[in-house]
Each structure stands twice: as structure tokens, then as C-alpha cells.
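Note that our numbering has the sequence shown beginning at 62, numbered continuously upward.
Only one structure is covered here, and it is reproduced in the block below.
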Amino acid sequence: MYVKRDDEGQIVAVSANPEPGFDEQLDPGSSELKSFFELTSDVSSKSGDQIRQLRTSDVELSRVVEDIINLLTDKGLIQFTELPEAAQQKLLQRKILRRDIRHLDLVADDDSDQMVP
């Protein structure tokens with residue numbers, strides 16, 4: 062394995078092939094490479110957690126934006142038609158989906174119907 066080091070001598074990148082800047086070759090089983098891969102794995106895992114949190118936050122924030130738009134239109138501060146066409150379509154689609162979900166019949170009519178957990 063070929064490694065690239067920073068000014069302090071720490072490994073910052075690894076390549077299976079010799080490339081410009083990857084001047085030093087280390088044994089793939091070296092403790093230094095193992096430490097580097099463990100560190101990058103930890104960072105990658107933390108990044109994945111943060112990305113998941115950000116996606117969850119995006120979903121929650123989109124609902125906040127919808128509520129703000131509804132409030133502004135209800136108060137007559139903006140007209141729905143003033144929004145870009147793409148935004149209008151997305152908002153209408155979400156409104157229809159929420160309405161359809163509210164109208165689902167989730168209660169069984171008699172004992173023969175099965176409830177979905």
C-alpha cells in the first residue's frame with residue numbers, strides 16, 4: 062500500500078497503486094495502516110450518523126416550511142399562486158397525501174377483519 066503523509070508525518074491517504082504524492086510504501090498489515098483504517102472507519106460511522114440526523118431534520122423542517130406557507134396564505138400575506146409552479150405542485154401533492162392518510166379506515170368493521178399491527 063502506498064501512503065501520503067501530512068507535514069506532521071501522519072497518514073492522510075492510502076492508495077493501492079503508486080501515484081503522485083504517495084511516495085511511501087507500507088505493508089498492508091502494518092500497525093500504522095490498521096490505525097489509519099480504524100480512525101477513518103470511526104469518522105465514516107460518525108459522518109453516517111450525522112447524515113441520517115440531517116435527513117431526519119430535513120423532513121421535519123419541510124413540514125415547518127409547509128406550515129409557514131399555510132399561515133402566510135391564510136393571513137393573506139402571500140398568494141399560493143405567487144409561489145413557483147414546482148413549489149405549488151409539491152405542496153399540493155403533500156396536502157393530498159396527508160388528506161388521503163387521514164381518510165384511511167384503520168378500524169376493522171367486524172371480528173373477521175384483521176387488524177394490521
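Think of the CB as a built atom: it goes at the ideal place given N, C-alpha and C, for glycine as much as any other residue.
On a predicted model such as this, the values are computed, not experimentally measured, just so you know.
Which class does Q86 belong to by DSSP, given the choice of helix, strand or coil? Look at Q86 here: in three-state DSSP terms it is strand.
Shortest alpha-carbon distance to F97 belongs to which of S118, Q114, G70, L122? Residue G70 is the option with its Cα nearest to F97.
Endpoints, beta strand (DSSP E) assigned at I72: For I72, the enclosing beta strand (DSSP E) starts and ends at 72 to 76.
For L122 and I162, what's the separation of their Cα atoms in angstroms? Going from the Cα of L122 to the Cα of I162 covers about 20 Å.
Whether F83 touches S91 by CB criterion (7 Å): No; because the gap between Cβ atoms is not below 7 Å, this pair is not in contact.
What separation, rounded to the nearest whole angstrom, lies between the Cα atoms of D67 and E80? CA-to-CA, the gap between D67 and E80 works out to about 16 Å.
Straight-line Cα distance separating E85 from K212: With the chain covering only 62 through 178, there is no way to say anything about residue 212.
Can you tell me whether K136 is helix, strand or coil according to DSSP? Reduced to three states, the DSSP call for K136 is coil.
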